[in-house]
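Position 53 of the sequence shown, counting from 1, maps to 59 under the numbering used here, and the rest follow consecutively.
Below is one structure, written out as structure tokens, with a few remarks after it.
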Amino acid sequence: MTMSNTDDYLRINELKNYLYCPRISYYGLCLRLDRETHLSSGGIRAEASTKEKMKRRKGALHAIHAGEREFDVLVVHEGLRLIGRLDEVVRTAEGVYLVDYKDTDKDYGYWGVQMMAYRLGMEASGEQVLGSSIYSIPKQSYTEVKPTSRQRQQLEEAVQALAQMVAMERCPAATDHCGKCQSCQYARFCNDVF
Ligand code: SF4
7 MTMSNTDDYL
17 RINELKNYLY
27 CPRISYYGLC
37 LRLDRETHLS
47 SGGIRAEAST
57 KEKMKRRKGA
67 LHAIHAGERE
77 FDVLVVHEGL
87 RLIGRLDEVV
97 RTAEGVYLVD
107 YKDTDKDYGY
117 WGVQMMAYRL
127 GMEASGEQVL
137 GSSIYSIPKQ
147 SYTEVKPTSR
157 QRQQLEEAVQ
167 ALAQMVAMER
177 CPAATDHCGK
187 CQSCQYARFC
197 NDVF
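Right, dumping it as structure tokens:
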């Protein structure tokens with residue numbers, strides 16, 4: 007498969023936006039608004055600098071599982087039309103461990119779904135996935151993310167809803183959690199929430 011065949015695939019990172027508030031995905035995917043805040047650009051910088059540090063770090067997950075490390079690994083799932091880059095894969099003789107870096111220690115309900123997407127993509131390319139973890143940059147610690155059937159269901163529902171939203175160009179309802187709107191980079195577009 008060439009990369010051009012995946013142009014219309016959903017970025018696995020988009021699941022984070024969608025599960026935080028579907029409207030953020032609408033603004034990005036349908037209106038092509040891509041707003042960067044101090045917070046998000048700070049997060050991008052933190053992740054970039056962490057990747058460099060993690061490459062040099064001795065006591066990382068590969069020390070526990072004694073494997074070879076690969077960074078920024080391309081993950082594609084043709085059936086679900088998903089594509090993404092996973093921060094780290096630890097390859098052992100028995101299979102692979104997946105690691106994604108986060109600039110927060112708060113799981114807003116998307117870690118498991120996102121890791122499920124990476125897991126299914128790796129499995130679809132023939133890999134045996136032995137485990138998956140989130141590395142929290144502020145805490146400098148790993149949290150194991152165990153796969154569940156609920157995460158898989160959430161993933162499939164999100165992929166379907168996002169595809170429908172893009173096809174219909176229909177703006178979803180605002181989030182029920184108005185606290186999220188206080189720090190949202192799209193707040194001034196959502197006249198109905200304040
Ligand atoms: S302001 Fe609130 S409803 Fe609008 S996109 Fe942001 S989180 Fe969603």
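Every residue, glycine too, gets a C-beta built ideally from N, C-alpha and C.
Would residue i and residue j be called neighbours here (beta carbons separated by less than 7 Å)?
| i | j | result |
| --- | --- | --- |
| residue 73 | residue 105 | no |
| residue 118 | residue 82 | no |
| residue 137 | residue 103 | yes |
| residue 153 | residue 111 | no |
| residue 134 | residue 90 | no |
| residue 175 | residue 36 | yes |
| residue 25 | residue 107 | no |
| residue 16 | residue 88 | yes |
| residue 161 | residue 124 | no |
| residue 122 | residue 158 | yes |
| residue 187 | residue 193 | yes |
Helix, strand or coil: which one does DSSP assign to residue i?
| i | result |
| --- | --- |
| residue 25 | helix |
| residue 17 | strand |
| residue 12 | helix |
| residue 162 | helix |
| residue 175 | coil |
| residue 186 | helix |
| residue 200 | coil |
| residue 180 | coil |
| residue 37 | coil |
| residue 114 | coil |
| residue 157 | helix |
| residue 192 | coil |
Based on the DSSP output, what are the partners of residue i in its beta bridges?
| i | result |
| --- | --- |
| residue 102 | 97, 135 |
| residue 90 | 81 |
| residue 145 | DSSP output for residue 145 lists no bridge partner at all. |
| residue 107 | 141 |
| residue 75 | 96 |
| residue 150 | 139 |
Cβ-heavy atom distance between residue i and ligand 2 below 6 Å?
| i | result |
| --- | --- |
| residue 96 | Absent from the structure shown: ligand 2. Ligands present: ligand 1. |
Are the segment 12-31 and the segment 154-165 in contact at 8 Å, needing three or more beta carbon pairs?
-> They touch, by the three-pair rule.
With a cut-off of 6 Å, give the chain-ordered residues whose Cβ is closer than this to any heavy atom of ligand 1. In chain order, the residues that have a beta carbon nearer than 6 Å to some heavy atom of ligand 1 are 27, 29, 30, 180, 181, 186, 187, 190, 192, 193, 196, 199.
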